Structures are given as C-alpha cells and as structure tokens.
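A short write-up of the structure that comes next.
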C-alpha cells in the first residue's frame, strides 16, 4: 500500500508532539483504522489519515450512536468480494424492491464468493501455513477446485468441490458454481450433520468419472470465527447504522452447548452457510437486491429467530443462536440476553394470584 507525501507529512505533524512510545501506539492505531476503511485503491491519501485519526480519537459513542439501535433490513450495507484484490468492497449499485433480472443470479453468486474466500483460508486448503505447522497437516492439505477445472479432465481423483446444490433436470442433482455445473451421484455418499436441501452450498469429496462426480463425503463449508473473519474483512461496519466501525467484536465462548441435536443442526446450518436463508428461492423467496440483510458474515454476537417452535439458545462458533418461541403458547415465557457476559436467561411472567 502506497502513502501520498501529503498524507505522510500530515501524519508526521500530528505525531511530532508525542513521545516515542505514544507515537508507536498511534501509528499502529491509525494503520488499523486505515485498513478498515475498505479503500478502492491501495493508496492512502490525506483524507484517509484524517478520518483514521478522528475515529481513533472516538473513545466513546458518537453523537448519533446509542448503546442499542434497531436497523432496517433495507439499510444494511452490501459488499461484494473482489477476487483479484482478495478483499470485500462496498457495492455501489442502487437497491430497489423491484430488482432487475440479473440480481437473482448476482446474489447467489455473491454468496458463493463469500463462502469460497473463507473456505480457501481453512487449514485444509490454505497454501499459507504458519511456520512449525505439523507435517500431518501439510500432508493432508487438499485442493479446492472449481467446476471448470473438473470438466477439463476425463477423470480425476480426490476432488473437493464447493457448489450450489440444484436440480437442473428432473431427478438429477448438480453442483453449480460461477464457472459451470457438474452432475453428481450421492447414492453412496456419507453426509455430515446439517440440513441439506436445494439452494444450499456443499463441500463434496469424491471421484470424477465419465462426466459425473461420484461423491463419497458431503458436508457444509467450514465455519469461521468472527475474530478470524475480521482479520480479513477489516473493522468496517457490515450491519448498518450510523457507526462506521463495529462497536464490539465477537469472541469465542468457553464451551459449546449440545443439549438438543435438532437445534444444533439448525444453528450449524445457518452459521456454516453464512446466511439466514440457505434454501432454494422456490422454497424461501427473498428480495434479490437485499440479500445482504440475510448475511451472517462476519458472524454477529447474537442471532434471534422468531419461530413459534419451542424456544432454545445455543452457541455455535462463538455466536449465540436463540429462538424466543411463542409468547402465549409458552405461558408468557421469554428470554433475556446480557451483552456484557453473552449469556441468556430464561424468564417468565408469573400467573396472577
């Protein structure tokens, strides 16, 4: 990343009155804020430094900020993944409820790239391993492929493919990505836990023969802790509201609750798919232009579901997933969430005596 001379001169003037220790602290702080601005070009100008210093000085809440704010789904910002720059950039296109036809394929394609970039970083596929990494991990590292790579060969072993589960023809399942589609045979496949349905993205492992991918194992894309996502996504506010940066980052909780298998499977599905709607548009229609409002990437601290089924709360990858249940059917029971400790307490309105 290049820094214009005007920007470096301005920063030097601002840091000149400080001693050496404070100066190093401020340089690190300003650099972190600049990286979180999602610059379109790898060039830092004076205005970027000014904004970073202003944000670093905001130790409390801004004038427009509160400790609790309800944000409209139509105000949630949208980001697109740039494969060339390997980063997320703000989506400049205007949104409307009456979306253009291309928006349908676009939002599914953006879901794919979101899952692709975080899956590539997983130690199973990552080409950048930390020094001292166990030799077993290096040996078991696999290549994550795209459909076009598979179709260019007559046969291929140890294929790992990330794709959208679809039925392009009656009774025949396919895995589809932006480069094409390939028919799959899942008659003898082993499935991991999760809700596998049309419209969700899968990781399939198997052998490619005669134009068909014979799948041996099927699972979801690997989840990613919010702290790890933020290391690549930056501190930009992905949820909306007046604040430019997140006021709080997610942290991994001490242990994972496993009291209810069905609830755990539901939570794992939406967390791994990084969306609240991992279903085909036929079963779960969405507004194409506002799919970002359903995104769960990076993971939030809390996900609240308003379903009339029995209430529950569990933790998945440091994120609390809660269903409040039906208020009248549960004898006026409700749940209280404490943000400071990230705990949920079951409460109930007592009967009148």
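In this note's numbering, the protein residues as written are 8 to 360.
Built from N, CA and C at the ideal position, the CB exists for glycine as well.
Quick caveat: nothing in here was measured; it's all calculated off a predicted structure.
{"Check": "Any chain B beta carbon closer than 8 Å to residue 99", "Outcome": "Chain labels in this structure do not include chain B; a single protein chain is all it has."}
{"Check": "Runs of alpha helix (DSSP H) lying entirely within the segment 18-42, each at least 4 residues, in chain order", "Outcome": "27-42"}
{"Check": "Cβ pair residue 326, residue 307 closer than 8 Å", "Outcome": "yes"}
{"Check": "Status (buried if at least 16 other CB within 10 Å, exposed otherwise) for residue 211", "Outcome": "buried"}
{"Check": "Residue range of the unbroken alpha helix (DSSP H) whose run includes residue 314", "Outcome": "Note, residue 314: premise wrong, no alpha helix (DSSP H); not H, not E."}
{"Check": "contact_flag[the segment 219-228, the segment 294-306] where n(CB pairs < 8 Å) is 3 or more", "Outcome": "no"}
{"Check": "Cβ-based burial, residue 207 [other Cβ within 10 Å; buried from 16]", "Outcome": "buried"}
{"Check": "Neighbour-count burial assignment, residue 317, 16 or more Cβ in a 10 Å radius", "Outcome": "exposed"}
{"Check": "From 56, 47, 352, residue whose alpha carbon lies closest to that of residue 40", "Outcome": "56"}
{"Check": "Short Cβ contact (8 Å threshold) for residue 126 with residue 202", "Outcome": "no"}
{"Check": "Coil, strand or helix - residue 90 by DSSP", "Outcome": "coil"}
{"Check": "Alpha-carbon spacing of residue 44 relative to residue 62, whole angstroms", "Outcome": "11 Å"}
{"Check": "contact_flag[the segment 267-286, the segment 84-98] where n(CB pairs < 8 Å) is 3 or more", "Outcome": "no"}
{"Check": "Whole-number beta carbon distance between residue 185 and residue 219, since they are thought to touch under 8 Å", "Outcome": "About 21 Å; that fails the 8 Å criterion."}
{"Check": "Element boundaries [beta strand (DSSP E), containing residue 192]", "Outcome": "187-192"}
{"Check": "Presumed contact (8 Å Cβ cut-off) between residue 328 and residue 356, rounded CB distance", "Outcome": "Not quite, the Cβ-Cβ distance comes to about 24 Å (not below 8 Å), so this is no contact."}
{"Check": "Every unbroken alpha helix (DSSP H) within the segment 82-129, with a cutoff of 4 residues, ordered by chain", "Outcome": "109-127"}
{"Check": "N- and C-terminal bounds of the beta strand (DSSP E) containing residue 280", "Outcome": "Element bounds for residue 280: not the beta strand (DSSP E) but the alpha helix (DSSP H), 268-280."}
{"Check": "Residue 118 burial status per 10 Å Cβ neighbour count (16 or more: buried)", "Outcome": "buried"}
{"Check": "CA-to-CA distance, residue 11 to residue 50, given in whole angstroms", "Outcome": "7 Å"}
{"Check": "Inside the segment 161-232 only - beta strand (DSSP E) runs reaching at least 3 residues", "Outcome": "162-176, 179-184, 187-192, 208-216, 219-226"}
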